[in-house]
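Quick notes on the structure that follows.
Protein chains: 6
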Amino acid sequence: MPVVIVEMWEGRTVEQKKQLVEGITDTFTRIGVPKEALHIIIQDIPKHNWGHAGRLASETD
Amino acid sequence: MPVVIVEMWEGRTVEQKKQLVEGITDTFTRIGVPKEALHIIIQDIPKHNWGHAGRLASETD
Amino acid sequence: MPVVIVEMWEGRTVEQKKQLVEGITDTFTRIGVPKEALHIIIQDIPKHNWGHAGRLASETD
Amino acid sequence: MPVVIVEMWEGRTVEQKKQLVEGITDTFTRIGVPKEALHIIIQDIPKHNWGHAGRLASETD
Amino acid sequence: MPVVIVEMWEGRTVEQKKQLVEGITDTFTRIGVPKEALHIIIQDIPKHNWGHAGRLASETD
Amino acid sequence: MPVVIVEMWEGRTVEQKKQLVEGITDTFTRIGVPKEALHIIIQDIPKHNWGHAGRLASETD
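Chains as they are written, first to last, in my numbering: chain P, 1 to 61; chain L, 62 to 122; chain R, 123 to 183; chain F, 184 to 244; chain B, 245 to 305; chain E, 306 to 366.
Quick look at the structure:
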């Protein structure tokens, strides 16, 4: 524990995901969570599966 | 805010997802949520990843 | 199936949740999902548990 | 890893949650997942926050 | 209801998913949930989308 | 977008949640996500609702 689930548009590189995992982990260690205790799950969502303001992100982007 | 996550079997068209996003957004606006505040995330789940009544949906369908 | 999870600030009335469930269900029936097949789960999130733009919603509201 | 999230109506006892955690963990160990690797998160949902077939579970129950 | 969401590394076979669904369902029936009431959703997560202990699982595996 | 969901044991202070939101937001801005685009939802989970290694966290803690 804890578990962090990230939902974001697909298209990020593995390098960017590495940076996310490092930065989020650092943040949790600063409030006392040991880094071994943290799981982070990234879900890549296609823009045609993401709605905002009543429209698909694939239509507005 | 709010965030709506939809888990459903894969196979819906982009047109159907557009209808879902429009209809769900309309519903929230009727209780006073501005449409810009609403995010909707659709996760397409293969039938062999969906269990119901003790069986995979890919077996029973 | 499908399953819809709604994350929103706590404070909505049962009447408003009823309207959400009715409206979201109508939307799914219009793309061919029978209403018996739809589950909707609402999670009431306190504003001090919701971050936006780098701040808790309880600070900015 | 893995992470299992259970959404269910509130009202289950701690004893029943213990049984769920034991049974789900056994199931994962039988496909080769070490029990130390498994996290299970239970979310108790009030019936007035659960919609099914277009109605709140608190109305139909 | 209930709904169970499983997040795990991709790579499991359909046979293993079948075993998971059967075992998890059995567990719920033992606390009185009818098997028809249970939905289980499996999300296959690539290792480069799973962070643990500050690193992507694809780096450490 | 993106949406980050944090599942963690209940008991963290509002001050610690503020730190989490700031740190996670900083991390996303470093890969180019504007802070206004980021929503973070924190779910406080009681230890008797969290299973690890086949036991409830409330038993082992």
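Cβ atoms here follow ideal geometry from the backbone N, Cα and C, with glycine treated the same way.
Check whether the Cβ atoms of residue i and residue j sit closer than 9 Å, and answer yes or no.
i: V204 of chain F; j: E251 of chain B; result: no
i: G84 of chain L; j: G145 of chain R; result: yes
i: I164 of chain R; j: I228 of chain F; result: yes
i: I40 of chain P; j: H296 of chain B; result: yes
i: L160 of chain R; j: K323 of chain E; result: no
Using the Cα positions of residue i and residue j, report the straight-line distance between them to the nearest angstrom.
i: K157 of chain R; j: T149 of chain R; result: 10 Å
i: N49 of chain P; j: G237 of chain F; result: 23 Å
i: R274 of chain B; j: T208 of chain F; result: 15 Å
i: K108 of chain L; j: E71 of chain L; result: 7 Å
i: V319 of chain E; j: S119 of chain L; result: 45 Å
i: Q138 of chain R; j: Q199 of chain F; result: 32 Å
i: M1 of chain P; j: M184 of chain F; result: 10 Å
i: T121 of chain L; j: T182 of chain R; result: 50 Å
Can a CB atom of chain E be found closer than 9 Å to the CB of residue i?
i: M62 of chain L; result: yes
i: I225 of chain F; result: yes
i: G173 of chain R; result: yes
How should residue i be labelled, buried or exposed, when 16 other C-beta atoms within 10 angstroms of its C-beta is the threshold for buried?
i: R12 of chain P; result: buried
Quick check on residue i - is its C-beta less than 9 Å from some C-beta in chain F?
i: H161 of chain R; result: yes
i: H292 of chain B; result: no
Under a CB-based cut-off of 9 Å, is residue i close to chain L?
i: V126 of chain R; result: yes
i: E280 of chain B; result: yes
i: R152 of chain R; result: yes
i: G176 of chain R; result: no
Hey, is residue i's beta-carbon within less than 9 Å of any beta-carbon in chain P?
i: L264 of chain B; result: no
i: E364 of chain E; result: no
Can you confirm whether residue i, when its beta carbon is compared against all beta carbons of chain R, has any partner nearer than 9 Å?
i: V319 of chain E; result: yes
i: E193 of chain F; result: no
With a threshold of 9 Å between beta-carbons, can residue i be considered close to chain B, or not?
i: G206 of chain F; result: yes
Should residue i be counted as a contact of the ligand FMN given a C-beta to heavy atom distance under 8 Å?
i: T149 of chain R; result: Ligands displayed in this structure: none; no statement on the ligand FMN is therefore possible.
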